[in-house]
Each structure stands twice: as structure tokens, then as C-alpha cells.
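Trainee: Questions regarding the structure given below will be posed in turn.
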Amino acid sequence: MIKRKLTLIMENKPGALVRVVGLFHQRGYNIESLHVDPVVDFTPYKFIENELETKFKDNEISRLTIQTLVSDSLMRQILRQLNKLIDVIAVSNEETTYLKGVLLDENLL
Amino acid sequence: MSTKLKLSGADMLMRALHDEGVDLIFGYPGGAALHIYDALFRQDKIEHILVRHEQGATHAADGYARATGKPGVVLVTSGPGATNAITGIATAFMDSIPMVVISGQVASHLIGTDAFQETDMIGISRPVVKHSYCVFDANEIPKIVKEAFHVATTGRPGPVVIDIPKDMTAPDNLFEYEYPKKVNIRSYNPPVEPDINQIERAVTELLIANRPVIYAGGGAIASNAEEELFRLNEILDAPVTNTLMGLGIYPATHHRFLGMLGMHGTYQANMAMHNADLIIAIGARFDDRITNNPSKFSPGAKIIHLDVDHSSVSKIIEANIAVFGQVKNSLSAIIKLLETKLDQYNKDKLQPWHEQIKNWKSTHGLNYELYKNESDENPILPQAVVQHVYNITEGKAYVTSDVGQHQMFAAQYYHFDEPRKWINSGSMGTMGFGLPAAMGVKFAFPNEEVLCITGEGSIQMCIQELSTCLQYNLPIKIININNEALGMVKQWQDMNYGGRHSQSTYQNSLPDFVKLAESYGHVGIKVEKNSELKPALEKAFSMKDRLVFVDVYVDPAEHVYPMLIANHSLEDMWLSKDKKT
Chain A
2 MIKRKLTLIM ENKPGALVRV VGLFHQRGYN IESLHVDPVV DFTPYKFIEN
52 ELETKFKDNE ISRLTIQTLV SDSLMRQILR QLNKLIDVIA VSNEETTYLK
102 GVLLDENLL
Chain B
178 MSTKLKLSGA DMLMRALHDE GVDLIFGYPG GAALHIYDAL FRQDKIEHIL
228 VRHEQGATHA ADGYARATGK PGVVLVTSGP GATNAITGIA TAFMDSIPMV
278 VISGQVASHL IGTDAFQETD MIGISRPVVK HSYCVFDANE IPKIVKEAFH
328 VATTGRPGPV VIDIPKDMTA PDNLFEYEYP KKVNIRSYNP PVEPDINQIE
378 RAVTELLIAN RPVIYAGGGA IASNAEEELF RLNEILDAPV TNTLMGLGIY
428 PATHHRFLGM LGMHGTYQAN MAMHNADLII AIGARFDDRI TNNPSKFSPG
478 AKIIHLDVDH SSVSKIIEAN IAVFGQVKNS LSAIIKLLET KLDQYNKDKL
528 QPWHEQIKNW KSTHGLNYEL YKNESDENPI LPQAVVQHVY NITEGKAYVT
578 SDVGQHQMFA AQYYHFDEPR KWINSGSMGT MGFGLPAAMG VKFAFPNEEV
628 LCITGEGSIQ MCIQELSTCL QYNLPIKIIN INNEALGMVK QWQDMNYGGR
678 HSQSTYQNSL PDFVKLAESY GHVGIKVEKN SELKPALEKA FSMKDRLVFV
728 DVYVDPAEHV YPMLIANHSL EDMWLSKDKK T
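Structure follows, in C-alpha cells:
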């Protein structure tokens, strides 16, 4: 078990956070720390805007960071489960990023 | 001046459902849903089916969805209405069935005050829905309905809940109505077309395999991939097995069909999976009832896994080649590439493999003609009941089932040649599913034979729906395989708990099902002897316009075999009470 950091970009909507947290709780993964803020500077996420052909507006999306203790195989499963949540736009760990179903080989968030 | 239609939230909801193509909903009214029910009353496009319990509404909508491929729609009130719907929502979720559930909620200003019939439906349903919406602004009702149906039916399908506080549907607040033509959920983008590199890798493996098995599940049905699967195997000529959820996607009477695999799968299906050198998994997810001990699963096989859901692949069994996309599209891509390489493929090389399978089948395959040895000296065999039903309906009926031994007997002995005709709660294993699901199927296909193979335990969990069947005149045939016990529980107790039948028998407290059926206005027939069985079933199926409840007393000692031996490989099975592989 290694401590890992996950970063998510998701819709800033009621219920979105609890879906993410619920997914950890439901599978028995403990969350060591969690931080969430609305995104104000969209510059680092231009590539998402381009990829999804969208334009983010103020207060529309949140950036969430989670630290958790999990094994390698569980890590991949967690990423895929998070990616499946409708309100999650992108999710990454240290090595990979899921941008709405497309797996990219680096941490872009 | 705007020319747009102005409607209340409740009227917008009805209009939106109609614009979405919904013509049938299953539900039960109550306080928080009364504005919606009034809007329902004032329109004539959508028919509402009044069930007797909200669980029945969800199962009926689920059965409708499984049989038609269209989403089932449910309308319930807040509090107990919502919580009663949960079991049915979870059932649909676990089997990936498209469904939209609309629940009334207390008025916005009362939320969080422990108001009458208030419950946090979004919270309670969260782990068992694909997504959910709470309406905070009535203006958004059309958009939310559009999105809900889109999410429920695309990608890996599933149930979606829309929770609507009562004030959002108030009759005196009017809004401009327009139904969105398109959906754009930027954060939702399920895969459709496969990656061509993965298709090339898959085809390379298919061409060189000597012991391939095609393993197809419910995802292939959800994707309507029966023609593609059939075409693929016209080329490959490989043995095919289906999961419990996949039965019918490949014709069961085809000579390459191995039968169901897994816990109660056929000997030849499990043996073939264990000894394969290539498994192509199509919309199946290596559930624990399929793999037995994953570390001993099919040691020599490469795995090609076709699925629409990223999180289903390499979850239990690592895939060598993962193909993400609608499995129908992935299969088409594989077929297209295979067809250019037919000169590199010789089906004759599979002959030793087919010989091996034939050998397995002839040594320990199921006996599909048990009914031929019937006599009144012996108790009725539950397997033979299913065989008679299969013969009488010529294998053409829609068959729903409940959960337990009868479900496994139905899956083993009713040969499904078409998809969407076998309707059962596979993953969730929900007792009480069969009768309401049969109602949903009958509403969808009123001219087709619809029957429910159930047991005396399961049927009592939603027996109240016999009243709904009378109200709407649904001539379903109910085959109650009555062993006077919770048969599957009892079987496990026999095998693993020294025969201690803890709480699995009813101590002579069963109702008279014939009188029960009659009291609901239906026909009841009791069968206790082998000589009565076939004539009674023939009589039941000859009554085309009546619901007939056939209560068949079967051998209470009978077990379901084969049965995988826990924590072992797929080769290790009980074949009868005293014989294992």
C-alpha cells in the first residue's frame, strides 16, 4: 500500500463531491486527505477545453485532490471508476490521466 | 412576443416524456407526486400502469426494458414510495438495464426538516444508480429528462433517478416549454468505436488460436450484437458459451453452443473455458459466479475482452487485449478485418477441440429428456417441468424467472434461441422479480406468450401484483416450481452445513396457491403427480386470455448440478450429490 495523490477536474454541481467520496467509501478505501476548490484560472486546462470543445465559465468546474492508501491494481480500478462518474471530467494519478474515457500516459492535471 | 408553449412543471414533465418517446410508465401515486399525477390525468399520450407496490413498478419497467431494449419508466412518490423502489433500481443497476425513475420529493422549503414522507432519495439511491438529478429549477425539467434518458441508454446502460420537489411541479407556475433536440454532457463520453490497433491484435490472436471459446454476456444483448456474434462465428466456427445474463444472444440449439457457464453451468462449458487457449469475452465481466477462484481461472488462455465499460476490463481477470467500444461496433470491426484474412484461417484445425468438447458433453452433459422417464412412482422433477414448458411453448416464449433453484433449472433446460427472451435478475438475485417483470414484458408484447418460472418462496415476495394482472387483464402463465422450501438455501445447507435447514422451510404454512390465484380472479391448477403434469401445463397454455397459476409440487430433495466447488477452478464441479469431477 502506497500513499497516492489523485487529481480530478469535475463539474461544480451539488452532489458531485459526494459521488466521488461515496465511491471510496463504498469500496472500503480510506481517504487520507481531500481538498476541493472552484477553478478560477483555466489556463492549465486549455487542453481539456480543446479536447471537449467546450469553454469553462467561472465557478463551473472544481479541482479536487485526494490522497489515499491503495495498491497498484486498485489504483487503476479507482481511476476507471472515477472516470465513469458522469460529473467527473478528468482524473489523474502520478502517471496517467483519464480525460473522459481516453487514457493519456502522463499526469496532465 | 414569445410563441412558445407555457406549461407547469408537471405538464412539462409529461410533455418531455412523450417527446422522448415514452408511452408507458409504471407507478404508484402519493402526496409529493400528486401534481404530476394530475398532469398525467389531463393527457392521453402516456399510459400509466398502477402497480400494487413500488418494487413491482421498478421490476415491471425493468422487464419491459429487457424485452424491448427501450428504457423502462417509473413514477413514485417520496419517502416510502422512493425507498420501496430501491430494490428494483438496484436490480436494474446490477444488470445494466436502462431505466428512468421519477420520484416525488417534499417541497423545496421543507427539504431537510424531517417533513412528512421526506427521505433523501438522491442519497439513498446513489450507490445503485448510473446517475441522478434533483430538480432545483423547474425550467430545467425538459433538459434533465433529455439528459436522464441519454445517460440511461448510452454506454453501459443503467437506471437514472430524477427527484422532483413538489413545488417544482406546482400547477400555477408556468414556464416556456421546449424539448431539447440534442444532448451535450461534456463530461460524459462513453466509447463507441473501437481502437483499430486493438482490433488488429485481436484478429491476429483469433487466427492462430487452436482452442478458442467465445464467452458472451449481457453486454452483447444490451448492444444488440446478435447478428455480429453469429456472423463472427460463421467465420471462426468456435464453441460459444453464454453467461446467465447472455442467454439467447447465440442460438442455444446451435451445435456450437456449449450452454451456460459458471456456478451452475454445463460441464462442457466450464471444461472448455478452463482448457481454452483463447477466450474472447464479449460484453461479459468475469463475475465471481463465472470465474470461481480467479487465480485458478483458465490458466492457459489469452483473454480478448470487448466491453463498453473501462472499469469492467481487467477488474477480475487481466485482459491481454482490451477493446473498448460498443461491442456491436467492435465485433463489426473484427469481422471486417477477419474477412480480409480468410485465406489465413482454416476452421478444420479446431476439429480436435470440437472432438474434445463432444466427449465432455457425452460424458457429463445435461439430460434434456428427463421427462421421458416420468412415472407416478417418482416425484416430479423440477428440471422436467421446465422441459415440458419448453416443448409446449416450442421454445418461443418470453420467460421471466425469480431467484433460486427454479431459475437455474430454467436457464439450463429452456433453450433460448433469441436474445431478450430470458428475463431474470442475474447479478442482484432479486426474489420477487419474476411476476412484475412478466407484466412489463406482456405490456410490451401483448400477443406473445409470456411465462414466469418461479418458486413458492420468490412468488410470495411480489404476489400482490396478481391484482395488477387482473386490472389490466394480463394473461401471463405462472409456473410455480413448489418444493415447499427455499430450495437453493437448502441445497447449500445440505452441501456445506451438514444438512441443517436453518429457516429454509415453512412448516406447513404455505397458502393454497389455487385458491389464492382464484381470489385474485385468475385460474389456479395444482399438480402433484407426474401423470398430471403435461396435461395440466397444456391446459394452462391453452387458456390464451386468462392468467393461469400452475402450482407444481416437485421433489424437495432435488439439487441443481453441475455446481462449481468453491475456491477451485472451473474444472472442479459437483456433478451430483455424491459425484464430483
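Same order as they appear, the protein sequences are chains A and B.
Taking my numbering, the leading residue of the first sequence gets 2, the next gets one more, and so forth.
Taking my numbering, the leading residue of the second sequence gets 178, the next gets one more, and so forth.
By construction, the Cβ of each residue, glycine as well, lies at the ideal position given by its N, Cα and C atoms.
Since the structure is predicted, the reported quantities are computational estimates derived from the model, not experimental observations.
In terms of residue numbering, what span does the beta strand (DSSP E) encompassing P613 (chain B) cover?
Mentor: P613 (chain B) -> not in any beta strand (DSSP E); alpha helix (DSSP H) instead, spanning 611-621.
Trainee: Sort out for me which residues DSSP pairs R64 (chain A) with in a bridge.
Mentor: Partner(s): A:I10, A:D38.
Trainee: Which residues of the region 37-55 of chain A have a Cβ closer than 7 Å to any Cβ of chain B? Give them in chain order.
Mentor: Under the 7 Å Cβ criterion, the region 37-55 of chain A contributes L53, T55.
Trainee: Residues in its own chain within less than 8 Å of M720 (chain B) by CB, not counting five upstream and five downstream?
Mentor: Cβ within range, chain order: P652, V700.
Trainee: Helix, strand or coil: which one does DSSP assign to G698 (chain B)?
Mentor: Correct three-state label for G698 (chain B): coil.
Trainee: In chain A, which residues lie with their C-beta within 7 Å of the C-beta of P368 (chain B)?
Mentor: Correct list: G102.
Trainee: On the DSSP letters alone, give me the boundaries of the alpha helix (DSSP H) that D340 (chain B) sits inside.
Mentor: Here D340 (chain B) belongs to no alpha helix (DSSP H); instead the beta strand (DSSP E) covers 336-342.
Trainee: Using a cut-off of 8 Å between C-beta atoms, extract the partners of H699 (chain B) located in chain A.
Mentor: By Cβ distance, chain A contributes nothing, its closest Cβ being about 42 Å from H699 (chain B), past 8 Å.
Trainee: Which first and last residues belong to the alpha helix (DSSP H) in which N470 (chain B) is found?
Mentor: Note, N470 (chain B): premise wrong, no alpha helix (DSSP H); not H, not E.
Trainee: Name the residue from B:S273, B:Q637, B:V283, B:G256 whose alpha carbon lies nearest to the alpha carbon of G246 (chain B).
Mentor: Of the listed residues, the one whose Cα sits closest to G246 (chain B) is B:S273.
Trainee: When you compare the CB positions of H441 (chain B) and S475 (chain B), do they come within less than 8 Å of one another, or not?
Mentor: Against a cut-off of 8 Å, the Cβ pair of S475 (chain B) and H441 (chain B) comes out as no contact.
Trainee: Report the neighbours of Y365 (chain B) on chain A: residues whose CB is nearer than 8 Å to its CB, in chain order.
Mentor: Per Cβ cutoff of 8 Å: I87, K101.
Trainee: For G23 (chain A), return the contacting residues in chain B, with the cut-off set at a CB-CB distance below 7 Å.
Mentor: Residues of chain B passing the Cβ test: R303, P304.
Trainee: Of the residues that make up the region 476-490 of chain B, which ones have a beta carbon closer than 9 Å to any beta carbon in chain A?
Mentor: Listed by position along the chain: D486, H487, S488, S489, V490.
Trainee: Can you give me the start and stop residues for the beta strand (DSSP E) that I493 (chain B) sits inside?
Mentor: Taken as a continuous stretch (DSSP letters only), I493 (chain B) belongs to no beta strand (DSSP E), as it is neither H nor E.
Trainee: Could one say the Cβ of H432 (chain B) lies closer than 8 Å to chain A's Cβ atoms, at least one of them?
Mentor: It does not; no Cβ of chain A falls within 8 Å.
Trainee: Which first and last residues belong to the beta strand (DSSP E) in which S185 (chain B) is found?
Mentor: Run containing S185 (chain B): 182-185, per the beta strand (DSSP E) assignment.
Trainee: Please classify T607 (chain B) as buried or exposed, where buried requires at least 16 neighbouring CB atoms within 10 angstroms.
Mentor: Its Cβ being crowded by 16 or more others within 10 Å, T607 (chain B) is buried.
Trainee: Given a limit of 7 Å on CB to CB distance, which residues of the region 315-341 of chain B reach chain A?
Mentor: Result list: V328.
Trainee: T98 (chain A): which of A:V41, A:I49, A:E61 sits nearest, CA to CA?
Mentor: Comparing Cα-Cα distances from T98 (chain A) to each of A:V41, A:I49, A:E61, the minimum goes to A:I49.
Trainee: I need the boundaries of the beta strand (DSSP E) containing N657 (chain B), first residue and last residue.
Mentor: Unbroken beta strand (DSSP E) run through N657 (chain B): 654-659.
Trainee: Which residue marks the beginning of the alpha helix (DSSP H) containing C646 (chain B), and which one marks its end?
Mentor: Run containing C646 (chain B): 642-648, per the alpha helix (DSSP H) assignment.
Trainee: Between A:V71, A:Q27, A:D38, which lies nearest to N60 (chain A) when the distance is taken from Cα to Cα?
Mentor: The option with the nearest alpha carbon to N60 (chain A) is A:D38.
Trainee: Between B:A315, B:I426, B:P275, which lies nearest to K505 (chain B) when the distance is taken from Cα to Cα?
Mentor: Nearest C-alpha to K505 (chain B): B:I426.
Trainee: Please list the residues of the region 74-85 of chain A that have a C-beta atom closer than 8 Å to any C-beta atom in chain B, keeping them in chain order.
Mentor: Listed by position, the residues of the region 74-85 of chain A near chain B (Cβ gap below 8 Å) are R77, Q78, R81, Q82, N84, K85.
Trainee: Specify, as a first and last residue, the run of the alpha helix (DSSP H) that V22 (chain A) falls within.
Mentor: Where V22 (chain A) is concerned, the enclosing alpha helix (DSSP H) stretches over 17-27.
Trainee: Looking only at its own chain, which residues have a Cβ that is under 7 Å from the Cβ of H286 (chain B), when we skip the five neighbours before and after it?
Mentor: Excluding positions up to five away in sequence, the list is empty.
Trainee: Where does P357 (chain B) fall in DSSP's three states?
Mentor: Residue state, collapsed to three classes: coil.
Trainee: Would you kindly report the start and end of the unbroken alpha helix (DSSP H) that includes A510 (chain B)?
Mentor: Looking at the DSSP string, the run of the alpha helix (DSSP H) that includes A510 (chain B) is 504-516.
Trainee: Just how far apart, CA to CA, sit N261 (chain B) and Y392 (chain B)?
Mentor: Cα to Cα, N261 (chain B) sits roughly 35 Å from Y392 (chain B).
Trainee: Indicate whether K479 (chain B) and L455 (chain B) have their beta-carbon atoms separated by less than 8 Å.
Mentor: Yes. Within cutoff.
Trainee: Give a yes or no on whether the minimum CB-CB distance between H308 (chain B) and chain A is below 8 Å.
Mentor: For H308 (chain B), the answer is yes, since a Cβ of chain A falls inside 8 Å of its Cβ.
Trainee: With distance defined between alpha-carbon atoms, name the residue in B:G198, B:R219, B:I223 nearest to G204 (chain B).
Mentor: Checked all of B:G198, B:R219, B:I223; the closest Cα to G204 (chain B) is B:I223.
Trainee: Can you give me the Cβ contacts of G208 (chain B) inside the same chain, cut-off strictly under 8 Å, excluding the 5 residues immediately before and after it?
Mentor: Taken in chain order, the residues that qualify are T254, S255, G281, F293, Q294, K343.
Trainee: Alpha carbon to alpha carbon, how far is W530 (chain B) from N650 (chain B)? Give it in angstroms, no decimals.
Mentor: Each residue's Cα considered, the two are about 51 Å apart.
Trainee: Measuring only the C-alpha atoms, how far is G617 (chain B) from A574 (chain B)?
Mentor: Distance between the alpha carbons of G617 (chain B) and A574 (chain B): 14 Å.
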